[in-house]
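Q: Okay, handing you the structure first.
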Amino acid sequence: MPHVTVIDILALLACAIVFVTLFQHLGLGSVLGYLTAGLLIGPWGVGFIAEGEELLHFAELGVVFLLFLIGIELRPARLWMLRRDVFGLGTAQVAVTGLVLGSIAWAWGLPFGAAVIVGFGLALSSTAIVLQILSDRNELGTRHGRSAFAILLLQDLAVVPLLALVSLLSADPMAGGWETVAIDVGLAVGAIVGVILGGRYLLRGLFRAVAGAHNHEVFAALSLLIVLGVAYLMQAVGLSMAMGAFMAGLLLAESEFRHQVRADIEPFRGFLLGLFFMAVGMSMDFGAAVAAGPMVALLVPGLLLIKAGLLYGLTRRFGLGRDDAIRAAVLLCQGGEFGFVLFTLAASTGLLERDVAQVLILVVSLTMALTPVMVKLSPMLIPRRPDRAMRALAPHGGATSGRGGSDGPVIIAGYGRVGQTVARLMEAAGIPYHALDLHADRVAHARGDGQRVYYGDASRGDVLRGAGLDDARAVVITLDQPDHAERAAAAVRSIRPTVPVFARARDPGHAAELSRHGVTASVAEALESSLQLGALLLRHTGQPRPDIDRLLANLRAECVACGTPVPPPARAVSAGGLDAAQGTPTPEARSVRATGSG
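Using the numbering used here, read the sequence shown as starting at -11 and increasing by one per residue.
Structure (structure tokens):
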């Protein structure tokens, strides 16, 4: 970050902690907290940091990572399920809102080309703010949340032709401008095709090779390289970095590495997105607001009311109920961060006057800042009886109920010999499962056989959650390293305190330790193998099966309770029911038979 010192970073962190915590407690969400912190620390607050715009350019990487994570969660099947909302409702929103706002700008006196860019630029909404609010409120899976996401997705796709439109409208046809635009479009199409082909034939092999080195830091570095590399390539050919990151996410959406990649990128997304909101707050030019006070005071509520009205009508037309239509309209009526890019580019090409662009950027910033407040107040417009859709989350939504259910998958942590056996049992019983393992070759072989196995560290809560822990009916931990198994159990319990957890233990002592980490039940492999071997011997010597079963149960209970290994064979009095030295029934075995256990 240019011109930003360590003191500046400390000030940013301190303000973010204070204001985000405060606004979360007030129920206003984290976005408004970040915006307020940026406004306070920026040039129009105490003036501690005077480089808000430069910080904004760096913090836009938060939006890039956000779009990547959206892409990696949006598998083609899910995208197909959203096709009506994306290509129907989303296209209608951009087209109708852009034409209405553009007509108003033209009637206001702007030239035709400038009015078109202003109209469609203001038609866009803030992907970062809306998705963050939906995530904070656990509403990504609701009806209005899905519709809002679909509209935002189409808006992000629309940025590409809108950027080309700026170049087209500002080009001089007599000076070869059209040819330049055609070349730029060709480069963009070529880059998109190249990324798709490269991702299809090279990406998995590259991740598999790096994963085989068993170095988590290098794997995370590769994830960052892919996201930023594809984003930069798209920017180099005139498209948006966010669009490139979204494409990179889509390429990995069906990959076995997607859960681990998502967990590695998520911390960067959270930090940089918060920094982006703070930079937006710092970039608000209240000097321009004072100079154009009456116009800004008219444009801000006017934009919010016009967009909200159009959104309400369109969402109702596409089947949303009244309450959901109101929620979607309030969520999406602000301007968006891509408006900054469009208006800045239009001003640099001479299509839009710079003072007009500055006022528009200020209007967009103010509407973004007002969105969390409007969402907080929106229940006043809705009857208290909630929509059914608010209580029923769709299976493809990003939010989850956190309760799980009988139809959820079983999570298998570890896909070695024990995990593979458990998976075969689940398949035979018709129970869905998701398995995690850190051996890339093993994962690739399993997926080649059609198994639901993913590359990922099962001792990390974010990886487990990505694999479906929030909806899981049970968890089976088969990891062969005791410390990893204990960390996995602790991670599961921190997310789902009540989900049943079954684990493979190395011995009774390890079983007792897993129990302290919240495991519902465990099987000590050393104990069980010795007991089963002893049972085979007892059956061979003619001992009755009921007696053998009773003895095995007693010894299991004793060993697990005391956390000690099985007594040595020379004195295996309760394990075998026979005295090892004499080959005759032990007193314990005789007492079992005497009680009529057979």
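Beta carbons are placed, not taken as given, at the ideal position from N, Cα and C, and that holds for glycine.
Use the C-beta contact count for V249: other C-beta atoms within 10 angstroms, 16 or more gives buried, fewer gives exposed.
A: By the 10 Å Cβ count, V249 comes out buried.
Q: Looking at C-beta atoms only, is the number of pairs between the stretch 337 to 344 and the stretch 98 to 105 that lie closer than 8 Å three or more?
A: As far as the Cβ criterion goes, the stretch 337 to 344 touches the stretch 98 to 105, which means the pair count is three or higher.
Q: Assuming L424 and V464 form a contact by the criterion Cβ under 8 Å, report the distance between their Cβ atoms to the nearest whole angstrom.
A: Wrong, their Cβ atoms sit about 11 Å apart, outside the cutoff.
Q: Are A462 and V507 close, meaning C-beta to C-beta below 7 Å?
A: Contact: no.
Q: Do G107 and A93 have their beta-carbon atoms positioned less than 7 Å apart in this structure?
A: Yes. Within cutoff.
Q: Considering Cα atoms alone, identify which of S503, L354 and L150 is closest to L286.
A: Of S503, L354 and L150, the residue nearest in Cα terms is L354.
Q: Exposed or buried, what is T115 when buried is set at 16 or more other beta-carbons lying within 10 Å of its beta-carbon?
A: T115 is buried by the Cβ-count criterion.
Q: Would G50 pass as a contact of L320 if the rule is Cβ separation under 7 Å?
A: No, Cβ-Cβ distance for G50 and L320 is not below 7 Å.
Q: For Y220, name the three-state secondary structure that DSSP assigns.
A: Here Y220 sits in helix by DSSP.
Q: Could you spell out the range, first to last residue, of the beta strand (DSSP E) harbouring D425?
A: From DSSP, the beta strand (DSSP E) with D425 extends over Y421 to D425.
Q: Which residues does DSSP pair with S510 in a beta bridge?
A: In DSSP, S510 forms a bridge with A491.
Q: Which residue marks the beginning of the alpha helix (DSSP H) containing V352, and which one marks its end?
A: R342 to L365 is the span of the alpha helix (DSSP H), which, as asked, contains V352.
Q: What do you reckon, are the CB atoms on I60 and A241 nearer than 7 Å?
A: Contact flag set, yes.
Q: On a Cα-Cα basis, can you pick out the residue from G497, V218, V(-6) and F265 that is closest to L23?
A: L23 has its Cα closest to that of F265, out of G497, V218, V(-6) and F265.
Q: Expressed to the nearest angstrom, what Euclidean distance is found between the alpha-carbon atoms of H247 and H528?
A: Roughly 49 Å between the two C-alpha positions.
Q: Could you have a look at I180 and say whether DSSP puts it in helix, strand or coil?
A: In this structure, I180 counts as helix in the three-state DSSP scheme.
Q: Just the Cα atoms here: how many angstroms apart are A197 and L221?
A: Each residue's Cα considered, the two are about 23 Å apart.
Q: Count the other CB atoms, across all protein chains shown, that sit within 10 Å of the CB of V347; report buried if there are 16 or more and exposed otherwise.
A: V347 comes out buried.
Q: How far does the beta strand (DSSP E) with A462 in it extend, from its first residue to its last?
A: Residues A462 to I465.
Q: CA-CA distance, Q81 and A509?
A: If you take the alpha carbons of Q81 and A509, they lie about 53 Å apart.
Q: What number of angstroms, rounded off, separates the C-alpha of G187 from the C-alpha of P397?
A: Between G187 and P397, the C-alpha separation is close to 29 Å.
Q: Would a C-beta distance cut-off of 7 Å place V6 and I117 closer than the cut-off?
A: No, they are not a contact pair.
Q: Where DSSP assigns a beta bridge to A111, which residues make up the other side?
A: Partner(s): none; A111 has no beta bridge.
Q: May I ask you to report which of helix, strand or coil DSSP gives Y300?
A: DSSP places Y300 in helix when its eight states are reduced to three.
Q: Going by beta carbon distance, what residues of the same chain come within less than 8 Å of L55, once the five residues before and after it are set aside?
A: The answer, listed in chain order, is T115, D144, A230, M231, A233, F234 and G237.
Q: CA-CA distance, A201 and V431?
A: Going from the Cα of A201 to the Cα of V431 covers about 14 Å.
Q: Quick one: using the 10 Å Cβ neighbour count with 16 as the cut-off for buried, is T552 buried or exposed?
A: Confidence at T552 is low in this model, with a pLDDT of 43, below 50, so the placement of that residue should be treated as unreliable; the coordinate-derived value is given next. Exposed, by the Cβ-count rule.
Q: For Q322 and A224, what's the separation of their Cα atoms in angstroms?
A: Looking at the two C-alpha atoms, the distance is approximately 29 Å.
Q: So what's I399 in DSSP terms, helix, strand or just coil?
A: DSSP places I399 in strand when its eight states are reduced to three.
Q: Let me confirm a value: G281 is counted as buried when at least 16 other C-beta atoms fall within 10 Å, else exposed. Which label applies?
A: Its Cβ having fewer than 16 others within 10 Å, G281 is exposed.
Q: Quick one: grab the DSSP three-state call for V441.
A: Note: V441 maps to strand in three-state DSSP.
Q: Would a C-beta distance cut-off of 7 Å place A479 and G454 closer than the cut-off?
A: It is not a contact, given that the beta carbons lie outside the stated cut-off.
Q: According to DSSP, simplified to helix, strand and coil, what is I(-3)?
A: It is helical.
Q: For the alpha helix (DSSP H) containing Y22, list its first residue and its last residue.
A: Residues S18 to I29.
Q: By the 10 Å Cβ neighbour count, where 16 or more other Cβ atoms means buried, how is E474 classified, buried or exposed?
A: Buried: at least 16 other Cβ atoms inside 10 Å.
Q: How far does the alpha helix (DSSP H) with T332 in it reach, from first residue to last?
A: First-last of the alpha helix (DSSP H) with T332: E325 to S336.
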